[in-house]
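In the working numbering, the protein residues as written are 23 to 569.
We put the CB at the ideal spot given by N, CA and C, even for glycine.
Note that the structure is predicted; figures quoted are calculated from it, not measured.
One structure is given here, and the rest of the page talks about it.
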């Protein structure tokens, strides 16, 4: 049976508390640096821009204006924060910093419950906090921190055997299940895993556990149904776009049929495909270059946790959870972005810290205490120094002294006098032009916030009726083909902002094909005049106004 974790009361006299406080200090020192030095990227800009537009009501999610495929919860959390404290990177990153500090407290509680050893629990936090790559991602305006927080809270709630009140536990489990689904669809797989875990820890009262799960399921379903009523059919199609479920709905209902048409009647370089070479490359970076101090001890620790499953079942669950989530994100990202697993890992890395701590503690009991402490410190420092020097933190930090966000803000100031009000179409594969236009106070055409993943073309050889069906599906699901892109340019837009390098034709040709790319480029030159340019760092962009 799992006992409730004791309330945390910090004391300098307690070695475990001292270790935990050191871990928090290490995290804070790194995070303060990361907030102003980690480079941005398209995803961070997408969350910042769309959250502000959604919360203000300027853009409606799941509408023809922005048929997003993302669940809505994090956008409204971040949007509300920006509404209260001001728009921009700093607000979003400080929110993540606050949430990430909460995750350290939750990780200690979870590790203490799993390992039943306060020192091992504090060590798990230290292993996690000492990794600069983790801190870098958790200090950005992205959902990594809030997802980690919600999963750790969920773990603690479902493993609580002495809740303050059974109905309170049921309500919390239901609300957390709905929140996980509404913040990231991939987390659906956590629901049966957490349900099985609750049954495991409540083996002494299986009927009560089943009743709790049933009540939580009803509440989660009600929350999701209420959300669908608010956001409409678009959210329903987003939440049901799951392997197996979507195929059943496509066969027997009209839910998601437009997405079915997108997948079967159109093409993109990002369509799902599998490559063992990509898997090997990702695993090499994942284990040996980015998170070695955390994952190398987690491998033998995971094996130990499975061997000791009867004695430490929760630690074994953490190993299984980390393994399942790794595989889900590894294979799910094979098409559009295999290296993205390196970022996605931050959704579930805390669960690897627990078996990692188990291994190091098991190892340390066989050697003198002083040698164990010295060896641990040297291992953590050496592994993290190697990771930082080998990868420059996954290319998130261009150099150790510059502030990339200041550069984008400076670019935005240069753009302000050149850009009119109205809808601005940004043709760019880099984050700087999109974020600079937004920071300049202008409205970015929603699909161009992350342009290239939204470009698809109907398959060759379709008859006119089927081709029209494919284009309608693309439009309603937020994608654009050559015809739609040309039509948008002919509206015309208030302005077009163009990334100068690499050339527009080369960028578009990868997604639309060379003839179609030339058609888009020709339309731009026919309908717009180049009126100026702005440049900061390695980003040079030109501004085009209608003729």
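I'd like the list of long-range same chain contacts for residue 60, defined as Cβ closer than 7 Å, with 5 residues on each side in sequence excluded.
Taking the chain shown and counting its residues from 1, the one referred to as residue 60 is at position 38. Cβ within range, chain order: 158, 161, 162, 418, 419.
Identify which residue in 502, 123, 442, 266 has its Cα closest to the Cα of residue 49.
The residue you call residue 49 lines up with position 27 of the chain shown. Looking at the Cα atoms, 123 is the closest of the given residues.
Would you tell me roughly how many angstroms separate the C-alpha atoms of residue 448 and residue 546, rounded to the nearest one?
Taking the chain shown and counting its residues from 1, the one referred to as residue 448 is at position 426. Taking the chain shown and counting its residues from 1, the one referred to as residue 546 is at position 524. Computed Cα separation, rounded: 12 Å.
Measuring only the C-alpha atoms, how far is residue 209 from residue 102?
Counted from its first residue, the chain shown places residue 209 at position 187. Counted from its first residue, the chain shown places residue 102 at position 80. Each residue's alpha carbon lies about 23 Å from the other.
Assuming contact is defined by CB atoms lying nearer than 8 Å, are residue 169 and residue 42 in contact in what I supplied?
For this step, residue 169 is matched to residue 147 along the chain shown. For this step, residue 42 is matched to residue 20 along the chain shown. No.
Touching or not, the segment 330-346 and the segment 281-295, by the rule of three or more beta carbon pairs under 8 Å?
Taking 8 Å as the limit for Cβ pairs, the verdict is that the segment 281-295 does not touch the segment 330-346.
For residue 461 versus residue 434, is the C-beta distance shorter than 8 Å?
Looking up residue 461 in the chain shown gives position 439. Looking up residue 434 in the chain shown gives position 412. Their beta carbons are under 8 Å apart, which means residue 461 touches residue 434 by this criterion.
For residue 560, which residues from the same chain have a beta carbon less than 8 Å from its beta carbon, with the 5 sequence-adjacent residues on both sides left out?
Mapped onto the chain shown, residue 560 falls at position 538. Around residue 560: no qualifying Cβ.
For residue 329, which of 369, 384, 153, 305 has the nearest alpha-carbon?
In the chain shown, residue 329 corresponds to position 307, counting from 1. Nearest option by C-alpha distance: 384.
Express the C-alpha separation of residue 236 and residue 189 in angstroms, rounding to a whole number.
In the chain shown, counting from the first residue as 1, residue 189 sits at position 167. In the chain shown, counting from the first residue as 1, residue 236 sits at position 214. Those two C-alpha atoms are separated by around 12 Å.
Which word fits residue 125, buried or exposed, when buried means at least 16 other C-beta atoms lie within 10 angstroms of its C-beta?
As a working note, residue 125 is residue 103 in the chain shown. Flag for residue 125 reads buried.
Quick one, which of 196, 319, 451, 164 has its alpha-carbon nearest residue 175's?
The residue labelled residue 175 in the question sits at position 153 within the chain shown. With distances taken between Cα atoms, residue 175 lies closest to 196.
Between residue 153 and residue 211, what straight-line distance do the alpha-carbon atoms span, to the nearest angstrom?
Stepping through the chain shown from its first residue, residue 153 is reached at position 131. Stepping through the chain shown from its first residue, residue 211 is reached at position 189. Whole-angstrom Cα-Cα distance: 27 Å.
For residue 369, which of helix, strand or coil comes out of DSSP?
As a working mapping, residue 369 is identified with position 347 in the chain shown. Correct three-state label for residue 369: helix.
Quick one, which of 551, 567, 530 has its alpha-carbon nearest residue 517's?
On the chain shown, residue 517 is found 495 positions in, with the first residue counted as 1. Of the candidates 551, 567, 530, the one whose C-alpha sits nearest the C-alpha of residue 517 is 567.
Give, in chain order, every unbroken run of the beta strand (DSSP E) that is at least 3 residues long and sits entirely within the segment 46-134.
The segment 46-134 contains no whole beta strand (DSSP E) run of 3 or more residues.
Looking only at DSSP bridge pairs, what is residue 521 linked to?
Position 499 of the chain shown holds residue 521. Per DSSP, 563.
What is the rounded straight-line gap between the Cα of residue 89 and the Cα of residue 343?
If you number the chain shown from 1, residue 89 lands on position 67. If you number the chain shown from 1, residue 343 lands on position 321. Their Cα atoms are separated by approximately 32 Å.
Distance check for residue 556 and residue 278, CA to CA, integer angstroms please.
Residue 278 sits at position 256 when you count from the first residue of the chain shown. Residue 556 sits at position 534 when you count from the first residue of the chain shown. Residue 278 and residue 556: Cα-Cα distance of roughly 42 Å.
Can you give me the Cβ contacts of residue 458 inside the same chain, cut-off strictly under 7 Å, excluding the 5 residues immediately before and after it?
Here residue 458 refers to the residue found at position 436 of the chain shown. Result list for residue 458: 430, 433, 434, 437, in chain order.
Using only alpha-carbon positions, find the residue among 231, 230, 380 that is nearest to residue 140.
Here residue 140 corresponds to residue number 118 of the chain shown, with the count starting at 1. The candidate whose alpha carbon is nearest that of residue 140 is 380.
Three Cβ pairs or more, each shorter than 8 Å: is that satisfied between the segment 244-258 and the segment 61-78?
Segments in contact, no.
For residue 374, which residues in the same chain have their Cβ closer than 7 Å to its Cβ, ignoring the five residues on either side in sequence?
Counting from one through the chain shown, the residue named residue 374 turns up at place 352. Here the set comprises 316, 317, 320, 344.
For residue 106 and residue 164, what's the separation of their Cα atoms in angstroms?
Locating residue 106 in the chain shown gives position 84, where the first residue counts as 1. Locating residue 164 in the chain shown gives position 142, where the first residue counts as 1. Each residue's Cα considered, the two are about 18 Å apart.
May I have a chain-ordered list of the alpha helix (DSSP H) segments no shorter than 4 residues that lie completely inside the segment 275-339?
As far as the segment 275-339 is concerned, its whole alpha helix (DSSP H) runs of at least 4 residues are 279-287, 298-305, 314-329.
Less than 8 Å between C-beta atoms, sequence neighbours within five positions excluded: which residues of the same chain meet that for residue 498?
On the chain shown, residue 498 is found 476 positions in, with the first residue counted as 1. Excluding sequence neighbours, residue 498 sits near 86, 89, 280.
Roughly how many angstroms lie between the CA atoms of residue 549 and residue 97, to the nearest whole one?
In the chain shown, residue 549 corresponds to position 527, counting from 1. In the chain shown, residue 97 corresponds to position 75, counting from 1. C-alpha separation (whole angstroms): 35 Å.
Between 232, 200, 453, which lies nearest to residue 66 when the distance is taken from Cα to Cα?
Taking the chain shown and counting its residues from 1, one reaches residue 66 at position 44. Considering only alpha carbons, the answer is 453.
With distance defined between alpha-carbon atoms, name the residue in 142, 121, 198 nearest to residue 387.
For the purposes of this step, residue 387 is taken as residue 365 along the chain shown, with counting starting at 1. Comparing Cα-Cα distances from residue 387 to each of 142, 121, 198, the minimum goes to 142.
Any idea what DSSP makes of residue 40, helix, strand or coil?
Locating residue 40 in the chain shown gives position 18, where the first residue counts as 1. If DSSP states are grouped into helix, strand and coil, residue 40 belongs with the helices.
Should residue 179 be labelled buried (16 or more other beta-carbon atoms within 10 Å of its own) or exposed?
Taking the first residue of the chain shown as 1, we reach residue 179 at position 157. Residue 179 comes out buried.
Just to confirm, are residue 355 and residue 349 a CB contact at a threshold of 8 Å?
The count along the chain shown starts at 1 and reaches residue 355 at position 333. The count along the chain shown starts at 1 and reaches residue 349 at position 327. Not in contact: residue 355 and residue 349 (Cβ atoms no closer than 8 Å).
Which of the three DSSP states, helix, strand or coil, is assigned to residue 25?
Counting from one through the chain shown, the residue named residue 25 turns up at place 3. Confidence in residue 25 is poor, its pLDDT being 48 and thus under 50, which makes the residue's placement too unreliable to answer from.
Rounded to the nearest angstrom, how far is the Cβ of residue 45 from that of residue 144, given a contact under 8 Å?
Taking the chain shown and counting its residues from 1, the one referred to as residue 45 is at position 23. Taking the chain shown and counting its residues from 1, the one referred to as residue 144 is at position 122. With 8 Å as the limit, residue 45 and residue 144 qualify as a contact, their Cβ atoms being about 7 Å apart.
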